[in-house]
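This report concerns only the one structure given below.
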Amino acid sequence: MPKSLEDWEESGLLEGILSIMSAFSHELFETIPEVKYVGLLTRNGIHVFSRSKSPEIKNLILKNADTNDAITSLMLSFLKIESAFKENILYVTLKLGEKYKIYMKSLHGVFWIMVIAEGPHSEGLLMYVLDELASRLEKELL
């Protein structure tokens, strides 16, 4: 299994991950209306799949250098915390105001998969969704 982001990119697995995530996100958007965005975070950037044709958060994340830098810094902070504790962070939940919650799961310490939900929803269900996505990615690619 590749150990670094560069190894993943060179092996072609990153493209496979994005393909699986795209298909999974479309399934998810049809079944859980609160889920608005699904994303993949790497140390080099972020990939976002959205439910809407005019995605406000997708544009905010991808077209705003400050937001992109903040997300990259957050990723590096996670890596430092993991290194300090000598343990992997499994999940992170962030609340953005009253409107959005971001649920994130580490994938082999190289990537983070993320779901952004709006409004009322079951936290347990969204954690299950992250586990299901991680399971599909591991089954298909690893």
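Numbering (the numbering used here), first residue to last: -1 to 140.
Glycine included, each C-beta is placed from N, C-alpha and C at the ideal position.
Determine, using beta carbons only, whether residue i and residue j come nearer to each other than 8 Å.
{"i": "residue 44", "j": "residue 69", "result": "yes"}
{"i": "residue 34", "j": "residue 111", "result": "no"}
{"i": "residue 100", "j": "residue 94", "result": "yes"}
{"i": "residue 14", "j": "residue 136", "result": "no"}
{"i": "residue 11", "j": "residue 109", "result": "no"}
{"i": "residue 103", "j": "residue 82", "result": "no"}
If you compare alpha carbons, which of the options is closest to residue i?
{"i": "residue 89", "options": "40, 105 and 64", "result": "105"}
{"i": "residue 125", "options": "10, 26 and 81", "result": "26"}
{"i": "residue 72", "options": "83, 49, 85 and 92", "result": "92"}
{"i": "residue 76", "options": "107, 29 and 65", "result": "107"}
{"i": "residue 16", "options": "29, 8 and 47", "result": "47"}
{"i": "residue 50", "options": "9, 67, 31 and 123", "result": "31"}
{"i": "residue 123", "options": "9, 29 and 84", "result": "29"}
Practice problem: For the stretch 117 to 126 and the stretch 9 to 27, state whether three or more C-beta atom pairs, one from each stretch, are separated by less than 8 Å. | Solution: No, because fewer than three Cβ pairs between the stretch 117 to 126 and the stretch 9 to 27 fall closer than 8 Å, the two stretches do not touch.
Exercise. Tell me the start and end of each unbroken beta strand (DSSP E) in the stretch 23 to 104 that is at least 3 residues and wholly inside, in chain order.
Key: The qualifying runs are 33 to 40, 43 to 48 and 89 to 94.
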